[in-house]
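The structure appears below as structure tokens.
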Amino acid sequence: MKENKKIYSVPFLEGNKVDLCSINLEHVNLYTKWGNDPDVRKYSRNIIPWNLEGVKKWHEHQREGVKTNAMFEIWHKEDKKPIGTAGFSDINWFNRNANLYVVLGEPEYWGQDISPEVSKLLIDYGFKELNFHKIYVGIYSPNKRSLRTAEKIGFKYEATLREQIYIEGEYVDEIKFAIFKEDWLSSK
Amino acid sequence: MAEKEKSTDESIPEAFPFIRGKTIDLCPRNSKYAKLYVKWKNDPKVRKYARNVVPRTLEQQKKRFEKKGERFRDHISLDIWHKKDNKPIGNLGLGHIDWINGWANAFLFIGEPEYWNKNIATEATELLVEYAFNELNLNKLQGGAAIENIGSWTVAKKIGFKLEGIQKHSMYVDGKYLDVKTHCLLKEDWLERKKE
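Heads up: the sequence lines are chains P and B, in that order.
Under the working numbering, the final residue of the first sequence carries the number 320; numbering is consecutive throughout.
Under the working numbering, the final residue of the second sequence carries the number 870; numbering is consecutive throughout.
Dropping the structure here:
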């Protein structure tokens with residue numbers, strides 16, 4: 133019987149149903165699977181196939197010096213396994229803002245309020261530890277579930293970029309939401 | 675008196691002003707001036723308090739231009755360019771930039787002693803401070819200098835830096851241990867001062 137490698141992850145941000153952990157290259161197979169899964173990549177806009185070597189290389193060659201992204205693994209506490217990735221991309225230290233993203237790679241965990249929990253952990257982290265001024269997201273108009281989640285968390289509508297993205301044969305809008313440090317901290 | 679040479683003259687590298695001042699501009703460093711930079715780094719009068727205790731060679735200086743410049747970096751360096759005399763006379767910048775905690779270490783030296791005591795360091799530091807607070811969006815600047823380096827903390831006081839602490843025996847200069855005064859300037863204090 134194949135030796136069962138013990139999967140472990142080190143929590144960096146602790147939540148209720150999930151923890152956010154540092155990226156673990158032992159799970160690179162999962163990262164590759166999620167990146168290619170048609171249901172998952174539909175709204176994460178991954179249009180080019182990811183191969184395992186490419187994913188490994190990308191993680192290994194993360195830039196030295198000041199980082200412009202912060203990536204985490206979403207670890208499901210009860211089921212003891214990674215179920216997605218999330219974090220900040222396009223961090224701009226002059227403007228003190230960043231793009232928030234959440235990718236739940238295992239569809240059986242959709243619709244369980246995990247995405248809002250992950251987002252809140254990241255928003256807290258972004259404002260209280262990384263000293264951001266503003267956190268923004270871009271959500272595509274067909275992605276109704278995520279649009280609802282954004283408003284539930286407290287993101288406010290900012291702008292609609294019309295026919296910005298080409299998904300499955302049609303141009304769709306990208307809708308920008310944002311949240312500011314003062315609003316977030318005063319609402320707690 | 676000789677006319678100011680045109681910038682199309684190949685022997686004078688072009689200056690690309692990044693921040694404009696009155697007597698001086700702040701410009702990016704230029705590898706064509708590597709020899710001059712090395713002269714400053716090695717000049718005993720200049721390096722005494724700049725703490726360059728190991729000689730720097732021309733090759734080492736040139737190598738510093740080979741690295742690709744990242745946008746978000748922890749060190750920003752600018753040349754002090756004398757407008758009338760059309761040449762670089764020193765170097766300043768920010769080191770140990772800590773973006774999350776919002777502060778950086780400010781440094782400055784004037785490599786040509788004939789430009790000392792002319793208020794140039796004050797003008798240059800003011801430009802640097804404005805850049806750090808208004809463009810880089812930092813919250814605090816720190817500067818440290820040996821107590822004997824009178825020029826340094828005269829400038830600091832003029833701009834509004836306040837004494838933060840004294841680091842005992844932090845520098846070894848000419849056979850003696852010297853104490854280092856650290857000064858700091860907070861953005862909110864700087865804004866207050868500007869109002870007055």
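Positions of the beta carbon are idealized from the N, C-alpha and C atoms, including for glycine.
For residue 295 of chain P, the three-state secondary structure derived from DSSP is strand. Excluding the 5 residues flanking it on each side, residue 809 of chain B has no same chain C-beta neighbour closer than 8 Å. The C-beta distance from residue 285 of chain P to residue 248 of chain P rounds to 6 Å, short enough to meet the 8 Å contact threshold. Taking 3 residues as the shortest admissible run, the segment 182-267 of chain P contains the following complete beta strand (DSSP E) segments, listed from N- to C-terminal end: 202-208, 213-224, 229-236. Under the Cβ distance rule, residue 744 of chain B counts among the residues neighbouring chain P, one pair being separated by less than 7 Å. Residue 182 of chain P sits close to residue 168 of chain P, with the two beta carbons spaced by under 7 Å. By the Cβ neighbour-count rule, residue 849 of chain B is exposed, with fewer than 16 other Cβ atoms within 10 Å of its own. What residue 232 of chain P touches in chain B, judged by beta-carbon distance under 8 Å, is nothing: the nearest beta carbon there is about 17 Å away. Contacts between residue 259 of chain P and chain B, judged by CB atoms closer than 9 Å, are missing: the closest CB pair is about 12 Å apart.
Chain P has a Cβ within less than 7 Å of the Cβ of residue 810 of chain B.
Within the segment 767-795 of chain B, the residues whose Cβ lies closer than 9 Å to any Cβ of chain P are, in chain order, 771, 773, 774, 775, 776. Taking a 10 Å sphere around the C-beta of residue 214 of chain P, we find 16 or more other C-beta atoms and assign the residue as buried.
From the listed residues P:206, P:320, P:236, P:293, the smallest Cα separation to residue 142 of chain P is found for P:206. Fully enclosed beta strand (DSSP E) runs of no fewer than 3 residues occupy 836-847 of the segment 829-858 of chain B, in order along the chain. Interface residue (Cβ-Cβ distance to chain B less than 7 Å): residue 262 of chain P is classified as such. DSSP places residue 869 of chain B in no beta strand (DSSP E) but in the uninterrupted alpha helix (DSSP H) bounded by 861-869. Around residue 152 of chain P, the same chain offers 144, 145, 204, 253 as residues with beta carbons nearer than 6 Å, after the five sequence neighbours per side are excluded.
For residue 144 of chain P, the enclosing beta strand (DSSP E) covers residues 143-146.
At a beta-carbon threshold of 7 Å, the residues of chain P lying near residue 747 of chain B are 197, 198, ordered along the chain. Across the segment 217-228 of chain P, CB contacts with chain B closer than 9 Å involve 223, 224, 225, 226, 227, 228, in sequence order along the chain. When the beta-carbon positions are compared, residue 811 of chain B and residue 226 of chain P come within less than 7 Å of each other. Under the three-state reduction of DSSP output, residue 762 of chain B falls in the strand class. The three-state secondary structure of residue 779 of chain B, taken from DSSP, is strand. In this structure, residue 263 of chain P sits near residue 774 of chain B, with a CB-CB distance shorter than 7 Å.
Listed in chain order, the non-local C-beta contacts of residue 246 of chain P below 7 Å within the same chain comprise 149, 150, 236, local neighbours out to five positions each way being set aside.
DSSP places residue 827 of chain B in the helix class (H, G or I) of the three-state scheme.
Judged by DSSP in its simplified three-state form, residue 315 of chain P adopts helix.
A distance below 6 Å between beta-carbons, with the five flanking residues on each side excluded, links residue 735 of chain B to the following residues of its chain, in chain order: 708, 711, 712. If you draw a 10 Å sphere on the C-beta of residue 764 of chain B, you find 16 or more other C-beta atoms in it, and that means buried. Residue pairing by DSSP leaves residue 705 of chain B without any beta bridge partner. Contact check for residue 854 of chain B against residue 818 of chain B passes: the beta carbons are separated by less than 7 Å. Within the DSSP bridge table, the entry for residue 310 of chain P names P:268, P:288 as partners. Residue 798 of chain B sits in a helix when the DSSP states are folded into three classes. The beta carbons of residue 309 of chain P and residue 290 of chain P sit closer together than 7 Å. The beta-carbon separation of residue 801 of chain B and residue 700 of chain B, rounded to 6 Å, stays under the 8 Å limit for a contact.
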